[in-house]
Amino acid sequence: MKLATWNVNSLKVRLPQVLDWLAAHRTDVLALQETKLIDQRFPVAEFAAAGYHAVFAGQPTYNGVALLSRADTVGPAQGVVVGNPLFPDEQQRLISADIAGLRWVCAYFPNGQSVDSDKYQYKLRWIDALLEWLKPAAAPDAGTGATDRTPTVLLGDFNIAPEAIDVHDPAAWDGQVLCSEPERARFRALIESGFRDAYRLFEQAPKSYSWWDYRQLGFRRNAGLRIDHILVDQTLTQRVRSCSIDRGPRKLAQPSDHAPVWAEID
DNA sequence: ATGGCCCGTAGAACGGGA
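Per the working numbering, the very first residue in the first sequence carries number 1; after that it's consecutive.
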């Protein structure tokens, strides 16, 4: 099974690129962030024509998330949950569902703007609530004998570069939003709760990033950050066969500033 | 040079992104 996450920075603008990418890669599950579409304008018919079911949660102007699932392989999503039951939030940043026997959590973490802003405090609270909600989902078997838990994939735009190797200029970014210690501590807390960073299960080229600033020729200079992630719980770790970042779409005209991250799971 | 670009909502600039 092939799965991927992609912050498209407006699905209206990027729909042709997403359809092209799906046609080329035949991904089974694709998680999208920053669709920036109200639900009435989600391109259900276009994805259906391409062979994909879609579930989504949008709002005007900002945010918006979706899970696409390939009709002829994994079928439609079941048990859709929008948002975090522990964190009432008008911002549409989370959608989760069962597909192909796995639990999928598509997440668009808050950006945080700057470490001294209210948005940063919201970001930390938002992640704390996500940790609280997902803790049972990722925990290793605590000896209770319970083995009926659905394996979970947490994927999306985390807006956190977990380590210095995920940053093109660690000194410049030190302590800044996306790289600050409180954010990184929360990413580590996700790992400690039982998730694994699929990308780091494999040897990767140095200077591998998933986002590049539109300004200053960021992509051309590879001045990027790795902030888009696929996390799998421990029961899934052995089933992950590969994980890569596809820089191709970032080279297109009118690209998203994020590249898709994809993985293969047995 | 502390801004540069891109998107949505506008119907001109501005908030937000990261």
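Even glycine gets a Cβ: it sits at the ideal position worked out from N, Cα and C.
What three-state label does DSSP hand LEU3 in the structure shown?
Along the first sequence, read from residue 1 onward, the residue named residue 3 stands at position 3. In this structure, LEU3 counts as strand in the three-state DSSP scheme.
Quick check on the DSSP output: the alpha helix (DSSP H) that includes HIS25 runs from which residue to which?
Along the first sequence, read from residue 1 onward, the residue named residue 25 stands at position 25. Run containing HIS25: 11-25, per the alpha helix (DSSP H) assignment.
Just checking, does the stretch 167-180 make contact with the stretch 113-122 on the three C-beta pairs under 8 Å criterion?
yes
Could you pull the DSSP bridge partners for ALA66 from this structure?
On the first sequence, position 66 is the one that residue 66 refers to. ALA66 pairs with LEU32, PHE56.
So, are the CB atoms of VAL232 and ARG196 less than 7 Å apart?
Walking along the first sequence from the start, residue 232 turns up at place 232. Walking along the first sequence from the start, residue 196 turns up at place 196. Result yes, Cβ atoms of VAL232 and ARG196 sit closer than 7 Å.
C-beta atoms of ASP39 and LYS2 nearer than 7 Å
Counting from one through the first sequence, the residue named residue 39 turns up at place 39. Counting from one through the first sequence, the residue named residue 2 turns up at place 2. Contact: no.
Identity of the residues DSSP links to PHE202 by a beta bridge:
As a first step, residue 202 is located in the first sequence; it is residue number 202 there, counting from the start. In DSSP, PHE202 forms no bridge with anything.
For ARG184, the three-state DSSP class (helix, strand or coil)
One-based indexing of the first sequence puts residue 184 at position 184. Here ARG184 sits in helix by DSSP.
Spatial distance of ILE245 from ALA24 (CA atoms)
Counted from its first residue, the first sequence places residue 245 at position 245. Counted from its first residue, the first sequence places residue 24 at position 24. For ILE245 and ALA24, the distance between alpha carbons rounds to 15 Å.
Looking only at its own chain, which residues have a Cβ that is under 7 Å from the Cβ of ILE227, when we skip the five neighbours before and after it?
Here the question's residue 227 lines up with position 227 in the first sequence. Excluding residues within five positions, the ones whose Cβ falls inside 7 Å are ASP157, PHE158, ASN159, ILE160, ALA161, LEU178, SER210, TRP211.
Counting C-beta neighbours from all protein chains within 10 Å, is the total for GLY58 16 or more, i.e. buried, or is it exposed?
Position 58 of the first sequence, counted from the first residue, corresponds to residue 58. Buried: at least 16 other Cβ atoms inside 10 Å.
Name the two residues that bound the continuous alpha helix (DSSP H) containing LEU231.
Taking the first residue of the first sequence as position 1, residue 231 is located at position 231. Careful: LEU231 lies outside any alpha helix (DSSP H), inside the beta strand (DSSP E) at 228-233.
Please classify ALA253 as buried or exposed, where buried requires at least 16 neighbouring CB atoms within 10 angstroms.
By 1-based counting over the first sequence, the position of residue 253 is 253. Under this definition ALA253 is an exposed residue.
Can you tell me whether PHE202 is buried or exposed? The criterion is at least 16 other CB atoms within 10 Å of its CB, across all chains shown.
Within the first sequence, numbered from 1, the residue matching residue 202 stands at position 202. So PHE202 ends up on the exposed side.
Whole beta strand (DSSP E) elements within the stretch 118-165, 3-residue minimum:
152-157
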